[in-house]
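The sequence shown begins at 0 in numbering that gives the first Met the number 0 and counts up by one.
The next block holds one structure in the form of structure tokens; read it before the comments.
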Amino acid sequence: MAVKFAKRMERMQASEIRELLKLTAQPDIISFAGGLPAPELFPIEDIAKVSHDLVLKEGRQLLQYATTEGRPTLRAKIAKRMQEKYHTPAKAEDILITTGSQQCLDFAGKLFLDPGDVVLCESPSYLGAINAFNAYEPVFKEVPTDKDGIIPEELDKILASTPRCKFIYVIPEFQNPTGISWTIERRKKFMEVINKYELPVLEDDPYGELRYDGTMSPTLKSMDTKGLVMFLGTFSKIFCPGLRLGWIAGKHEIVQEFVKIKQSADLHTSNFDQGVADAYMENCDLDAHVKEIIALYRHRRDLILECMAKEFPKNVEFTHPQGGLFLWVTLPKGCSAKAVFAKCIEMKVAAVIGDAFYPNGKTDRSLRVNFSNMPDDRIKEGIARMAKAIKECL
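As structure tokens, this is what we get:
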């Protein structure tokens, strides 16, 4: 007898990015495909020391079950960091530690969505979020987005004419996949629309501290006067992604609903991993570590932009991100991103086809390019190969 799966599995396809990473893991391929931090910056020695000391100090407690909400001292440190770095009000009791911020996305789908409900997002948006929400059988509505961010007037039109809108998912700072940042004016007008309709907001901010030009912009959470914004943070980009540590900060009543879901999902995030992050923040200088990351990524961003300006045909456009890990390449009309990708793979270089980031409006004209993971020589060679692939497809 054939095994019968739940109907929702028909909507759940293997992540295009994860499948692509299997291909690009080959050492001879220059990969701009993943969103991988630079592993040479992981603070190995510091982590070894704090882990050793931590196990000796509180090993029996550390290896035991823990509270669902998360390690109290780590939650307090996160709240303090949100206040000082993000200028965003936060209380430790209103923070839930999660297994990466990706878990927050899955929990949000479980909390808010019934089949046929509407999820709003930028156009394009983060593929991992689309995949997470998709399991709960929503309808996706893409809100028109330009170089300054989501267009509030278009959001207003959609909310006025579309029933069953349950929440909007956005990445205002160094968006994945485009690298754009919303202007302050856009953020203010966005929150005006949100307050008008009292629509819940998932503000995903994995990259906010990784700013290479200018100063940090105010979070949507810092502008929230009605408790509608749920802020998603992570240690993956400023510390170590392998620890799988994220958090959600929001109105206490909403966060408590996330706590209920987490209790049934995994009881709590790894107590050991939380302890390591807590001990590192207590005994080492996370701010200094972030500065090292910024210095290297700024250099790599500048280098990849320089190489693209030199190598790419003049009718190929690309964003100039002020921070984060990605930029967005737009090919001229008539040039297929799928064809360019296939040619790139032949030439042993890879990016991600942009259509993966659109739940509805696919164009076959864009590519997402990561610049944080490759060293200088591979950036130069990889962009030269990519430029050759594009030229052969024009």
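Each residue gets a CB set at the ideal place from its N, CA and C atoms; glycine is no exception.
Being a predicted model, the structure only gives us computed values, none of them experimental.
Ignore the nearest five residues each way along the sequence and tell me which others in residue i's own chain have a CB closer than 8 Å to its CB.
{"i": "Lys379", "result": "Leu302 and Cys306"}
{"i": "Asp272", "result": "Leu242, Arg243 and Leu244"}
{"i": "Val142", "result": "Leu119, Cys120, Glu121, Ser122, Ile149, Ile150, Glu153, Leu154, Ile157 and Ile167"}
{"i": "Lys332", "result": "Arg364"}
{"i": "Pro71", "result": "Ala91"}
{"i": "Gln82", "result": "Pro88 and Ala89"}
{"i": "Gln63", "result": "Asn270"}
{"i": "Arg300", "result": "Tyr211, Pro320, Leu326 and Phe370"}
With respect to the beta strand (DSSP E) encompassing residue i, which residues constitute its N-terminal and C-terminal limits?
{"i": "Met229", "result": "Val228 to Thr233"}
{"i": "Asp203", "result": "Val200 to Asp203"}
{"i": "Val49", "result": "Per DSSP, Val49 belongs to no beta strand (DSSP E); it is in the alpha helix (DSSP H), Ile43 to Leu61."}
{"i": "Ile167", "result": "Cys164 to Val169"}
{"i": "Glu121", "result": "Val117 to Glu121"}
{"i": "Gly207", "result": "Taken as a continuous stretch (DSSP letters only), Gly207 belongs to no beta strand (DSSP E), as it is neither H nor E."}
{"i": "Ser263", "result": "It is not in any beta strand (DSSP E) - Ser263 instead sits in the alpha helix (DSSP H) that spans His251 to Ala264."}
{"i": "Phe370", "result": "Premise fails: Phe370 is in no beta strand (DSSP E) and is neither H nor E."}
{"i": "Leu95", "result": "Ile94 to Thr97"}
{"i": "Val138", "result": "Val138 to Val142"}
{"i": "Phe325", "result": "Phe325 to Thr329"}
{"i": "Ala248", "result": "Gly245 to Ala248"}
Counting only beta-carbon atoms, is residue i nearer than 7 Å to chain C?
{"i": "Pro143", "result": "The chain labelled as chain C is not found in the depicted structure, where only one protein chain is given."}
Please report the residue range of the alpha helix (DSSP H) in which residue i lies.
{"i": "Leu104", "result": "Ser100 to Phe111"}
{"i": "Arg384", "result": "Asp375 to Cys392"}
{"i": "Gly274", "result": "Asn270 to Asn282"}
{"i": "Val315", "result": "Segment: none, Val315 is in no alpha helix (DSSP H) and carries neither H nor E."}
{"i": "Leu285", "result": "Leu285 to Glu310"}
{"i": "Gly127", "result": "Leu126 to Asn133"}
{"i": "Ile344", "result": "Ala336 to Glu345"}
{"i": "Ala78", "result": "Pro71 to Lys84"}
{"i": "Ile193", "result": "Ile183 to Tyr196"}
{"i": "Leu158", "result": "Pro151 to Ser160"}
Excluding five sequence neighbours on each side, which residues of the same chain lie with their C-beta closer than 7 Å to the C-beta of residue i?
{"i": "Ile352", "result": "Ala336, Lys337, Phe340 and Leu366"}
{"i": "Asp363", "result": "Ser335, Ala336, Lys337 and Asp354"}
{"i": "Asn282", "result": "Val49"}
{"i": "Lys76", "result": "Asp277 and Met280"}
{"i": "Leu110", "result": "Glu256, Phe257 and Ile260"}
{"i": "Thr144", "result": "Glu121, Ser122 and Ile150"}
{"i": "Leu304", "result": "His319"}
{"i": "Asn133", "result": "Arg10 and Met11"}
{"i": "Asp375", "result": "Leu302"}
{"i": "Asp45", "result": "Tyr279 and Cys283"}
{"i": "Arg7", "result": "Ala134 and Glu136"}
{"i": "His298", "result": "none"}
{"i": "Tyr206", "result": "Glu172, Phe173, Lys236, Gly322, Gly323 and Leu324"}
{"i": "Asn314", "result": "Pro331"}
{"i": "Gly178", "result": "Thr318, Pro320, Gly323, Phe325, Leu326 and Trp327"}
{"i": "Lys84", "result": "Glu208"}
Can you give the beta carbon distance from residue i to residue j, rounded, assuming they're within the 8 Å contact cut?
{"i": "Ile292", "j": "Ile237", "result": "7 Å"}
{"i": "Gly323", "j": "Phe230", "result": "Contact flag wrong, Cβ pair sits at about 17 Å."}
{"i": "Thr233", "j": "Gly99", "result": "6 Å"}
{"i": "Ala349", "j": "Ala32", "result": "4 Å"}
{"i": "Asp203", "j": "Ile170", "result": "5 Å"}
{"i": "His86", "j": "Ser221", "result": "6 Å"}
{"i": "Arg163", "j": "Val192", "result": "In fact, because the Cβ distance is near 17 Å, the residues do not count as touching under 8 Å."}
{"i": "Phe41", "j": "Cys239", "result": "6 Å"}
{"i": "Asn194", "j": "Lys225", "result": "6 Å"}
{"i": "Lys342", "j": "Glu391", "result": "6 Å"}
{"i": "Met373", "j": "Ile29", "result": "6 Å"}
Leaving aside the five residues before and after residue i along the sequence, list all residues of the same chain whose C-beta is less than 6 Å from its C-beta, in chain order.
{"i": "Pro114", "result": "Glu136"}
{"i": "Met74", "result": "The residue you asked about is not Met; residue 74 is Arg in the sequence shown. Within the same chain, Arg74 has close Cβ partners Ala91 and Ile94."}
{"i": "Tyr168", "result": "Cys120, Ala128 and Leu201"}
{"i": "Glu43", "result": "Just to set this straight, residue 43 is Ile in the shown sequence, not Glu. Here the set comprises nothing."}
{"i": "Pro358", "result": "Ile129 and Phe139"}
{"i": "Trp181", "result": "Gly148 and Pro171"}
{"i": "Pro199", "result": "Phe166 and Leu227"}
{"i": "Gly274", "result": "Leu53 and Leu61"}
Three or more C-beta pairs below 8 Å linking the region 244-256 and the region 373-390: Result no; under three Cβ-Cβ pairs closer than 8 Å.
Quick check: the region 51-63 against the region 30-37, are there 3 or more CB pairs under 8 Å? no
Tell me, please, whether the region 204-212 touches the region 182-195 by the rule of three or more beta-carbon pairs shorter than 8 Å. no
Are three or more beta carbon pairs between the region 101-112 and the region 153-162 nearer than 8 Å? Segments in contact, no.
Cβ contact (3+ pairs, closer than 8 Å) linking the region 284-299 and the region 130-146: no
Indicate whether the contact test is met: 3 or more Cβ pairs, each with one atom in the region 324-333 and one in the region 59-67, closer than 8 Å. no
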